[in-house]
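S.K.: Once you've had a glance at the structure underneath, I'll fire off some questions.
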Amino acid sequence: MGILDNAKEVAKAVQEIHNLELYQRVLNLHSDIIALVEENTRLRDENKELTKTVRLKQEMIFKEPFYYCEGDETPHCPACWESKDRVVHVTFVFDGTDATRWDCPSCQQTYMVVKRGAPQPSVVRPRRYGGGP
(Lines of atoms letter the chains of each structure in order from A; the text may use other names.)
(Lines give C-alpha, C1' and ligand atoms only; values in the text may rest on other atoms or scores of the structure.)
Protein backbone atom coordinates (compact mmCIF):
# COMPACT_ATOMS: atom_id res chain seq x y z
CA MET A 1 0.00 0.00 0.00
CA GLY A 2 1.42 3.38 -1.02
CA ILE A 3 1.43 6.68 0.80
CA LEU A 4 -1.60 7.98 -1.11
CA ASP A 5 -3.59 4.85 -0.34
CA ASN A 6 -2.70 5.20 3.35
CA ALA A 7 -3.81 8.84 3.36
CA LYS A 8 -7.15 7.86 1.76
CA GLU A 9 -7.69 5.17 4.39
CA VAL A 10 -6.98 7.65 7.19
CA ALA A 11 -9.39 10.16 5.60
CA LYS A 12 -12.13 7.49 5.45
CA ALA A 13 -11.54 6.51 9.09
CA VAL A 14 -11.64 10.14 10.26
CA GLN A 15 -14.83 10.76 8.25
CA GLU A 16 -16.49 7.78 9.94
CA ILE A 17 -15.85 9.19 13.42
CA HIS A 18 -17.48 12.48 12.33
CA ASN A 19 -14.70 14.80 13.44
CA LEU A 20 -14.99 17.57 10.84
CA GLU A 21 -11.88 19.50 11.92
CA LEU A 22 -9.68 16.41 11.88
CA TYR A 23 -11.17 15.33 8.55
CA GLN A 24 -10.30 18.74 7.02
CA ARG A 25 -6.72 18.45 8.31
CA VAL A 26 -6.38 14.97 6.80
CA LEU A 27 -7.69 16.25 3.45
CA ASN A 28 -5.13 19.07 3.53
CA LEU A 29 -2.43 16.53 4.35
CA HIS A 30 -3.62 14.38 1.43
CA SER A 31 -3.34 17.40 -0.92
CA ASP A 32 0.18 18.10 0.35
CA ILE A 33 1.15 14.46 -0.22
CA ILE A 34 -0.16 14.60 -3.80
CA ALA A 35 1.88 17.77 -4.43
CA LEU A 36 5.01 16.11 -3.02
CA VAL A 37 4.50 12.98 -5.13
CA GLU A 38 4.07 15.12 -8.27
CA GLU A 39 7.19 17.15 -7.41
CA ASN A 40 9.12 13.94 -6.78
CA THR A 41 8.07 12.59 -10.18
CA ARG A 42 9.07 15.84 -11.89
CA LEU A 43 12.47 15.84 -10.19
CA ARG A 44 13.08 12.21 -11.12
CA ASP A 45 12.30 12.98 -14.77
CA GLU A 46 14.57 16.04 -14.69
CA ASN A 47 17.34 14.00 -13.06
CA LYS A 48 16.97 11.33 -15.74
CA GLU A 49 17.30 13.96 -18.52
CA LEU A 50 20.34 15.58 -16.88
CA THR A 51 22.01 12.20 -16.40
CA LYS A 52 21.37 11.42 -20.07
CA THR A 53 22.90 14.76 -21.13
CA VAL A 54 26.00 14.22 -18.97
CA ARG A 55 26.44 10.72 -20.41
CA LEU A 56 26.07 12.09 -23.95
CA LYS A 57 28.64 14.83 -23.26
CA GLN A 58 31.10 12.11 -22.32
CA GLU A 59 30.28 10.03 -25.41
CA MET A 60 30.29 12.80 -28.03
CA ILE A 61 33.52 13.17 -29.99
CA PHE A 62 34.32 16.20 -32.14
CA LYS A 63 35.86 15.49 -35.54
CA GLU A 64 35.73 18.71 -37.49
CA PRO A 65 33.19 19.87 -38.50
CA PHE A 66 30.81 17.39 -36.80
CA TYR A 67 30.20 15.61 -33.53
CA TYR A 68 29.99 11.83 -33.46
CA CYS A 69 28.58 9.54 -30.80
CA GLU A 70 30.51 6.39 -29.98
CA GLY A 71 29.33 3.56 -32.21
CA ASP A 72 27.38 5.87 -34.54
CA GLU A 73 28.93 6.73 -37.91
CA THR A 74 26.31 9.33 -38.86
CA PRO A 75 27.46 12.84 -37.86
CA HIS A 76 25.53 15.14 -35.56
CA CYS A 77 24.86 18.86 -36.00
CA PRO A 78 27.42 20.91 -34.06
CA ALA A 79 25.11 23.95 -33.95
CA CYS A 80 22.32 21.98 -32.24
CA TRP A 81 24.70 20.20 -29.87
CA GLU A 82 26.70 23.25 -28.80
CA SER A 83 23.80 25.67 -28.45
CA LYS A 84 20.93 23.47 -27.21
CA ASP A 85 22.52 20.17 -26.07
CA ARG A 86 20.35 18.47 -28.70
CA VAL A 87 21.67 15.43 -30.52
CA VAL A 88 20.44 15.72 -34.12
CA HIS A 89 21.79 13.69 -37.03
CA VAL A 90 22.64 15.74 -40.10
CA THR A 91 21.20 14.49 -43.38
CA PHE A 92 23.44 13.60 -46.31
CA VAL A 93 22.47 15.66 -49.38
CA PHE A 94 25.14 15.02 -52.01
CA ASP A 95 28.74 14.03 -52.58
CA GLY A 96 30.36 16.24 -55.23
CA THR A 97 33.88 16.09 -56.57
CA ASP A 98 35.08 18.94 -54.37
CA ALA A 99 32.74 18.85 -51.37
CA THR A 100 30.08 16.89 -49.53
CA ARG A 101 26.88 18.57 -48.33
CA TRP A 102 25.02 17.78 -45.12
CA ASP A 103 21.91 19.56 -43.79
CA CYS A 104 20.45 19.70 -40.30
CA PRO A 105 16.71 18.99 -40.29
CA SER A 106 16.31 20.76 -36.95
CA CYS A 107 18.12 24.10 -37.25
CA GLN A 108 18.30 24.16 -41.08
CA GLN A 109 22.10 24.65 -41.00
CA THR A 110 23.92 23.59 -44.20
CA TYR A 111 27.41 22.11 -44.05
CA MET A 112 29.66 21.98 -47.11
CA VAL A 113 32.64 19.81 -46.23
CA VAL A 114 35.48 20.48 -48.66
CA LYS A 115 37.39 17.36 -49.59
CA ARG A 116 41.13 17.18 -49.14
CA GLY A 117 43.00 18.06 -52.29
CA ALA A 118 40.04 19.96 -53.70
CA PRO A 119 40.94 23.34 -55.19
CA GLN A 120 40.27 26.14 -52.75
CA PRO A 121 38.55 29.28 -53.99
CA SER A 122 41.05 32.01 -54.69
CA VAL A 123 40.86 35.29 -52.86
CA VAL A 124 39.77 38.12 -55.13
CA ARG A 125 41.32 41.41 -54.16
CA PRO A 126 39.63 44.62 -55.27
CA ARG A 127 41.56 46.70 -57.77
CA ARG A 128 41.74 50.40 -57.87
CA TYR A 129 40.54 51.88 -61.12
CA GLY A 130 41.13 55.32 -62.49
CA GLY A 131 44.86 55.47 -62.94
CA GLY A 132 46.02 54.33 -59.52
CA PRO A 133 48.68 51.63 -59.01
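If you use this note's numbering, the sequence shown corresponds to residues 1 to 133, in order.
Even glycine gets a Cβ: it sits at the ideal position worked out from N, Cα and C.
Going by other Cβ atoms of all chains shown within 10 Å of its Cβ, with 16 needed for buried, is P105 buried or exposed?
M.R.: Position 105 of the sequence shown holds residue 105. Exposed.
S.K.: Given this structure, state the Cα-to-Cα distance separating Q15 from W81, to the nearest angstrom.
M.R.: Position 15 of the sequence shown, counting from 1, holds the residue named residue 15. Position 81 of the sequence shown, counting from 1, holds the residue named residue 81. Answer to the nearest angstrom: the Cα atoms are 56 angstroms apart.
S.K.: I believe C69 touches V90 by the beta-carbon criterion, under 8 angstroms. Please report the beta-carbon distance rounded to the nearest angstrom.
M.R.: Stepping through the sequence shown from its first residue, residue 69 is reached at position 69. Stepping through the sequence shown from its first residue, residue 90 is reached at position 90. Not confirmed; about 13 angstroms, so no contact.
S.K.: Kindly indicate which three-state DSSP category V90 falls into: helix, strand or coil?
M.R.: Residue mapping note: residue 90 aligns to position 90 of the sequence shown, counting from 1. Coil at V90, not helix or strand.
S.K.: In three-state DSSP terms, what is T41?
M.R.: Counting from 1 along the sequence shown, the entry for residue 41 is found at position 41. Three-state result, T41: helix.
S.K.: Buried or exposed for V37, please, with buried defined as at least 16 other CB atoms from any protein chain shown within 10 angstroms of its CB.
M.R.: Working through the sequence shown from its first residue, we reach residue 37 at position 37. That one is exposed.
S.K.: Counting contacts by CB-CB distance shorter than 8 angstroms, is V113 in contact with chain B?
M.R.: Reference to chain B is not applicable here, since this structure consists of a single protein chain.
S.K.: Quick one: which unbroken alpha helix (DSSP H) runs of 4-plus residues sit fully inside the stretch 17 to 66? Chain order, please.
M.R.: With a minimum length of 4 residues, the continuous alpha helix (DSSP H) runs that stay inside the stretch 17 to 66 are 20 to 59.
S.K.: Using the Cα positions of A7 and E21, report the straight-line distance between them to the nearest angstrom.
M.R.: Numbered from its first residue, the sequence shown carries residue 7 at position 7. Numbered from its first residue, the sequence shown carries residue 21 at position 21. Distance between the alpha carbons of A7 and E21 is about 16 angstroms.
S.K.: Where do the N-terminal and C-terminal ends of the beta strand (DSSP E) with D103 fall, by residue?
M.R.: In the sequence shown, residue 103 corresponds to position 103, counting from 1. 99 to 103 is the span of the beta strand (DSSP E), which, as asked, contains D103.
S.K.: Hey, V114 and W102: beta-carbon distance below 8 angstroms or not?
M.R.: The residue given as residue 114 occupies position 114 in the sequence shown. The residue given as residue 102 occupies position 102 in the sequence shown. No; because the gap between Cβ atoms is not below 8 angstroms, this pair is not in contact.
S.K.: So, helix, strand or coil for C80, using DSSP?
M.R.: As a first step, residue 80 must be located in the sequence shown, where it is residue number 80. Helix, per DSSP.
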